[in-house]
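Q:
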Amino acid sequence: MHPVTDTAPVYDVGIAGAGQLAQMTVLAAWPLGIRVAVLGQPGEPAAPMAAGLVEGDWKDPDALMRIGREVGVLTLENEFVDAAFLMAVEDAGTPVRPHPARMHVVQDKALQKQRLAEEGLPVPRFAVPDSAGDLEAIGRDLAWPLMLKSRHLGYDGYGNALCATLDEALAAYPGLAERGGGVLVEEFVDFARELAVMVARRHGGGDAVYPVVETRQHDHVLRELLCPAPVDPEVSHEAKRVARAAAEAAGGAGVTGVEMFHTKDDRILINELAPRPHNSGHHTIEACVTSQFENHLRGILGLPLGPTELIAPGAALVNLLGERDGPSAPDITEAAAVGGAHVHLYGKADVRVRRKMGHVTALGSSPEDALETARLAASMVRL
Ligand code: ADP
């Protein structure tokens, strides 16, 4: 028997964060009658439109406990939230999905790669040095150039260094190790293209796999994507198989973004997993029967997952990245005249160089056709 003071959670779902991923999740939640609270500050993208705002920081264990008390299920919009803090929320009685024990592995690039390799999944050759003293031997084994990555807290290339020589690696090592609790070293993959697949997993069983996209990064940041990826059916099939197995190995409920390399000799190698909705899935809002955000909610709540098929022959997305530093002054007047282009602005108060300010999605008779529309509109958006 529960004491009469026991109250049901006020919100169905809480998100540890209030950025653009939380914003798009909130927008997907309203039509389903799902009430979402976010953890963040009033000026952040999701704050004005969430059903509830718990003011605080996802880095603060007390703030996580506060949102945990208000919600039926807690989920994430970034993989950096401390797994021990999330475990405390879970122990206090609020389920956290994906589960904190899984987060612990995924948020460490070295443990993640080891886990995927143990499952027999294809990954670039890698090594985990104990200290900079190991780099010479690793270089002999994997061959220069090598990609050095902070084990934790890397995103959009912050935390990565491509090193052509041992001297470069020795210079990069201390900063990367300090940023992220050690370093992962990978062979440099001379890929033909990068691919990504979103996989939605339902708490209680079942999954749904989205069509394969080609992602085009520049300077480590996603610039454009094409869907479906222009690859042979066998490659697409293999990318989906690998992504599905990788998401299963990561084991969480909700959406997992699986980033992969397609090599020039037609192999698929996993680059990394993101245990949350992902930039490589933003096109699914308009392009697929069920968006990644809706399926993330369905998955963590144990609801049946929605179909993932494309509703047009092709789709494309262009990210809107800041090109200056200063207050944002958005203007979509010209872009709004481009028929069929879906402009999304995240409502960030300040522009910064490379900052993700929004994106444009378009559908078309082919991915290339859609890309032309999306590029045209994107070129006209003022940030
Ligand atoms: P982040 O976590 O910062 O997004 P990633 O590990 O995904 O970093 O790397 C960002 C980009 O760097 C990738 O999309 C890819 O273009 C490039 N990259 C990463 N690892 C390798 C590698 N081993 N070989 C070649 N390019 C790589």
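Residue numbering for the sequence shown follows my numbering, beginning at 1021 and increasing consecutively. For each residue, glycine too, the CB sits at the ideal point set by N, CA and C.
Judging by CA-CA distance, which residue of Ser1386, Glu1329, His1302 is the nearest neighbour of Asn1339?
A: Of the listed residues, the one whose Cα sits closest to Asn1339 is His1302.
Q: Skipping 5 residues on each side, what residues in its chain have a beta carbon closer than 6 Å to that of Ala1335?
A: Hits under 6 Å: Cys1247, His1303, Ala1307, Leu1383, Ala1390.
Q: Looking only at its chain, what residues have a beta carbon closer than 6 Å to the beta carbon of Met1069, apart from the 5 residues adjacent to it on each side?
A: So the list reads Val1046, once near-sequence residues are dropped.
Q: Give a yes or no on whether the C-beta atoms belonging to Glu1234 and Ala1249 are separated by under 8 Å.
A: The answer is yes: Cβ separation under 8 Å.
Q: Please work out which residues of its chain come closer than 7 Å, Cβ to Cβ, to His1124, disregarding the five sequence neighbours upstream and downstream, and give them in chain order.
A: Excluding positions up to five away in sequence, the list reads Ala1103.
Q: May I ask whether a heavy atom of the ligand ADP can be found less than 7 Å away from the beta carbon of His1119?
A: No, the Cβ of His1119 stays beyond 7 Å of every heavy atom of the ligand ADP.
Q: Does the distance from the CB of Val1116 to the CB of Tyr1031 come in under 8 Å?
A: No; because the gap between Cβ atoms is not below 8 Å, this pair is not in contact.
Q: Note down the Cα distance separating Asp1154 from Gly1342, rounded to an integer number of angstroms.
A: Using only the alpha carbons, I get a separation of about 39 Å.
Q: Note down the Cα distance separating Asp1345 from Gly1200, rounded to an integer number of angstroms.
A: If you take the alpha carbons of Asp1345 and Gly1200, they lie about 26 Å apart.
Q: Give the straight-line distance between the Cα atoms of Gly1360 and Leu1396, rounded to the nearest whole angstrom.
A: If I take the Cα positions, the gap works out to 11 Å.
Q: Here's the rule I'm using: 16 or more other beta-carbon atoms within 10 Å means buried, otherwise exposed. How should Arg1135 be labelled?
A: Classification of Arg1135: buried, given that the 10 Å Cβ count is 16 or more.
Q: Taking the alpha carbon of Ala1189 as the point to measure from, which residue in Phe1208, Glu1198, Met1167, Gly1202 has its own alpha carbon closest?
A: Of Phe1208, Glu1198, Met1167, Gly1202, the residue nearest in Cα terms is Met1167.
Q: Less than 8 Å between CB atoms is the rule here; does Ala1049 satisfy it with respect to chain C?
A: In the displayed structure, chain C is absent; only one protein chain is listed.
Q: Here's the rule: buried if 16 or more other CB atoms are within 10 angstroms of the residue's CB, otherwise exposed. What is Ser1300?
A: It counts as buried.
Q: Can you check whether the CB of Ala1036 is closer than 8 Å to the CB of Ala1066?
A: No. Outside cutoff.
Q: Could you tell me the boundaries of the alpha helix (DSSP H) in which Asp1285 lies?
A: Element bounds for Asp1285: n/a, residue is neither H nor E.
Q: Using DSSP with H/G/I as helix, E/B as strand and the rest coil, what is Leu1131?
A: Helix at Leu1131.
Q: For the ligand ADP, I want to know if His1240 counts as a neighbour, meaning its beta carbon is within less than 7 Å of at least one of the ligand's heavy atoms.
A: Yes.
Q: Skipping 5 residues on each side, what residues in its chain have a beta carbon closer than 7 Å to that of Arg1213?
A: The residues are Glu1234, His1282.
Q: Would you say Gln1237 touches the ligand ADP, meaning its beta carbon is less than 7 Å from a heavy atom?
A: Within the cutoff, so yes.
Q: For Gln1127, count neighbouring C-beta atoms within 10 Å of its own C-beta (all shown protein chains included) and say buried if the count is 16 or more, exposed if not.
A: Buried, since its Cβ has 16 or more Cβ neighbours within 10 Å.
Q: In this structure, does DSSP put Ala1038 in helix, strand or coil?
A: Ala1038 falls in the coil class under three-state DSSP.
Q: Roughly how many angstroms lie between the CA atoms of Glu1198 and Pro1165, to the nearest whole one?
A: One C-alpha to the other measures close to 22 Å.
Q: Here's a check: name, in chain order, each residue in its chain whose Cβ is nearer than 6 Å to the Cβ of Leu1131, leaving out the five neighbours to either side.
A: Taken in chain order, the residues that qualify are Val1125.
Q: Cutting at 6 Å between CB atoms, please list the residues of its own chain near Arg1055, excluding the five before and the five after it.
A: Correct list, in chain order: Tyr1031, Asp1032, Ala1071.
Q: Around the Cβ of Gln1061, are there at least 16 other Cβ atoms within 10 angstroms (buried) or fewer (exposed)?
A: Exposed, because fewer than 16 other Cβ atoms sit within 10 Å of the Cβ of Gln1061.
Q: Touch check for the region 1261-1275 and the region 1225-1244: three-plus C-beta pairs under 8 Å?
A: Touching, yes, given that three or more Cβ pairs across the two stretches are closer than 8 Å.
Q: Between Leu1073, Val1093, Glu1099, which lies nearest to Lys1079 when the distance is taken from Cα to Cα?
A: Lys1079 has its Cα closest to that of Glu1099, out of Leu1073, Val1093, Glu1099.
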